[in-house]
Amino acid sequence: MIIATAGHVDHGKTTLVQALTGVDTDRLAEEKRRGMTIDLGFAYADLDPGLDLDPDTRSTGPAAAPLGFVDVPGHERFVRNMLAGVAAIDLALLVVAADDGPMPQTREHLAILALLGVPRLVVALTKADRVGPDRLADAGREVTALLADGPYAQAPVFTLATPSGGGVAALRQQLADSARQLAARGVTGHFRMAVDRSFTLAGAGRIVTGAVLSGRVQVGDAVIVSPHGTAARVRSLHAQNQRAESAQAGQRCALNLSGPDLKRAEPVRGDWVVAAAAHAPTTRLDVRLQVLAGEARPLSERRLLQLHLGAATVNATVSALDAVALAPGPEAWARLVLDRPVAGVHGDRFILRDAAAHRTVGGGWVVDPFGPARGRSRPARLTQLAALALTDPALALAALLEQSPDGVDLIPFARGRNLRVDELAQLQHRLAVQPIPGESGPLGLSPSHAQAWRDRVLNALDRCHAQQPDSLGPDGPALHAQLGKLGGVGEVCSTGGAASAGGVGGAPREGGVTRVGGMASAPARAVLRATLAGLVDSGQVVREGLRHRRHGHQARLADADRALLDRVVAQLQPAGLRPPIVGELAAALGLPLPTLVNDLGRLAHQGLLVRVAPNRYYLPQTVAELAGHARALAGENADGQYDAASFRDRTGIGRNLTVQVLEFLDRAGLSRFDGTRHRPVA
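My numbering numbers the first residue of the sequence shown as 11 and each following residue consecutively.
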């Protein structure tokens, strides 16, 4: 268990921690000189009843169950330091001096603890030996009134006279009991530790300390110092002030890090040490925000505030998402835009302060650490945020799947909630999620939406066949258009789409994709591809080149077209991957070139041939063979890409034809070109 003090300056926090643990947490010379805590102090102790805390007789062996104490400064000038120490604690020890009673920092610290969701609070009413009975009773009533309307109304209050030890044993018993009752934190998610101290130690090197918020780390693990991205390795570690081989969520930890870049980019307070998969810096946080009821007016749009998250402090502007302004009192949706990256995930608690006025104005928790740049306040986005706000990741993913007929991008979902690969896989299995290979990562589709896609695709193919019985069937872009219900069915089904070399008869293109309303979105394209693949595997749909048809459908051609197609196939089939150009084909068939060009265009329009270049036509099965070579070539390379030279060598079709074929595959949406290399589209 991790315990932090809270309360006004000079109310006896450090003295109380020393009475409980035997450790003076004021470690700085200036703290000794001024008699005031300035920075965080740390102590560990086993608070089992009867433990001898006399430093001369105390056992030097390791404690059986040490509790970690974080002593925080109480002066309003050092609230920033205080916030760095209470980001991940299990219990707060609110210290109130009986002679003063609750003071300004008592109230601010209490508000901070509530906004951070600290689950337990114990009140220490100190300096009872300095006041009479009446004043002591008044101080108790003031504390009760202070807590009455908040989450800590039932917090126990202990009256202490620390110098004489009065009440300390009872408080120690309470803390020990709380530690025994505390349920162990689940060791879920990737390792994340908020760094609150960083220093070098002779003979060891770089040491960082902090609270472990999630996951587990072991000696030898590779880690990342985030948000900077500095790679390091754990040489050794201490957990709860004991040398250990591993540390986990709910413990304070000291890591001895090694790595060649640590001197160039030294970790500092506010950084995070995380598993590599958890390194995802962000500057846009969509949050649930509560403005303190004591604020005189709503937070203005784009107001500049200080965000405290983990042990970090960054400047942030705040904007309302579902209201004109962020009013004091109830929680509301808000967007925080930061001046530098942080390493936040779903559920992280934060505080907002007005640095100029030296006061806390609100706080809340992160819902989506990767807020979209556009459409942040649209109704669909707010509905999505409501799903993301569900605490249980299974319920959140189920709600998102229900809202998302084109699938949920699973990688950002898992990264935003700090889910390991196995945890995401368990969620997918539990919800029967259908995985869809996407262009930027896997998508997840609910069973009901997957069935709806299958039904829609089959219905679209049936409509195309009924409208164009002489066509083999639509290609992917034409199906997109059909499913988007834009344009007439005849126009849609007859569109050559990406199968035609120059986009003849197709809609305007963007990045090699036929753009028809929302149907050309990357998720929709990926889901359509996966749906078609599944229908092909089940035998309900047949793929021929780039076209698709229902099982049993055949293009009904006029006798003349059938005879011409047979003659063309007889010429193209033996030529394999390098068919003759149109002029050569006309000479071989003994037909006038203009007549043949017109006839070939008609056959390509029907999907029976594929116009790869202005002067070259392929059989559909040959196009599929070319795409197969591209996929195989990419699979042989570590980066999953290939260049023109390797494709030329593999296929043996020559440089010029290679360029034409690769440009066609890009236009057809079968590959993507980054200016240097090509990558097949899943």
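Quick reminder that beta carbons are idealized off the backbone N, C-alpha and C, glycines included.
Computed from a predicted model, the values in this text were never measured in an experiment.
- With 16 or more other CB atoms across the displayed protein chains lying within 10 angstroms of its CB, residue 417 is buried.
- Residue pairing for residue 378: DSSP places it in a beta bridge opposite 296.
- A direct Cα-Cα distance of roughly 24 Å separates residue 304 from residue 94.
- Between the C-alpha atoms of residue 215 and residue 268 there is a straight-line separation of about 7 Å.
- The Cβ-Cβ distance between residue 315 and residue 326 falls below 7 Å.
- Non-local C-beta neighbours of residue 540 in its own chain, meaning closer than 6 Å and more than five positions away in sequence, comprise 446, ordered along the chain.
- For residue 258, the closest of 233, 222, 145, 273 by C-alpha to C-alpha distance is 222.
- In the three-state reduction of the DSSP assignment, residue 95 falls in the helix class.
- Counting only the Cα atoms, residue 639 lies some 30 Å from residue 480.
- Note on geometry: alpha-carbon atoms of residue 344 and residue 328 lie some 7 Å from one another.
- Taking the C-beta atoms as reference points, residue 12 is found nearer than 7 Å to residue 78.
- Note that the C-beta distance between residue 475 and residue 563 is below 7 Å.
- If you ignore the 5 residues before and after residue 444, its C-beta comes within less than 6 Å of the C-beta of 455, 460, all in its own chain and listed in chain order.
- Annotated three-state conformation of residue 169 is strand, per DSSP.
- In the displayed model, residue 433 falls within a helix according to three-state DSSP.
- Taken through DSSP and simplified to helix, strand or coil, residue 222 comes out as strand.
- Fewer than three beta-carbon pairs drawn from the segment 278-297 and the segment 175-194 are found closer than 8 Å, and the two stretches are therefore not classed as touching.
- Residue environment: residue 323 is assigned as buried (16 or more neighbouring CB atoms within 10 Å of its CB, all protein chains considered).
- The three-state reading of DSSP puts residue 445 in strand, counting E and B together.
- In this model, residue 125 and residue 372 are separated by some 7 Å (Cα to Cα).
- Under the DSSP definition of a beta bridge, residue 344 partners with 297, 330.
- Secondary structure at residue 208: strand, using DSSP grouped into helix, strand and coil.
- Taking the CA atoms as reference points, residue 545 sits about 26 Å from residue 650.
- For residue 119, the closest C-alpha among the options 18, 99, 101 is that of 18.
- One Cα belongs to residue 235, the other to residue 440, and the distance between them is close to 34 Å.
- A distance below 7 Å separates the beta carbons of residue 297 and residue 374.
- Each residue's CA atom was taken as its position, placing residue 150 and residue 252 some 38 Å apart.
- When secondary structure is reduced to three states using DSSP, residue 574 falls in the helix class.
- Annotated three-state conformation of residue 27 is helix, per DSSP.
- Less than 7 Å separates the beta-carbon of residue 102 from that of residue 128.
- Nearest to residue 486 by alpha-carbon distance, out of 478, 535, 457, is 535.
- If you draw a straight line from the Cα of residue 548 to the Cα of residue 588, it is about 32 Å long.
- For the 7 Å CB-CB criterion, residue 282 and residue 232 do not form a contact.
- Collapsing the DSSP output to three states places residue 258 in a strand.
- For the pair residue 157 and residue 396, the Cα-to-Cα distance works out to about 31 Å.
- CA-to-CA, the gap between residue 434 and residue 55 works out to about 38 Å.
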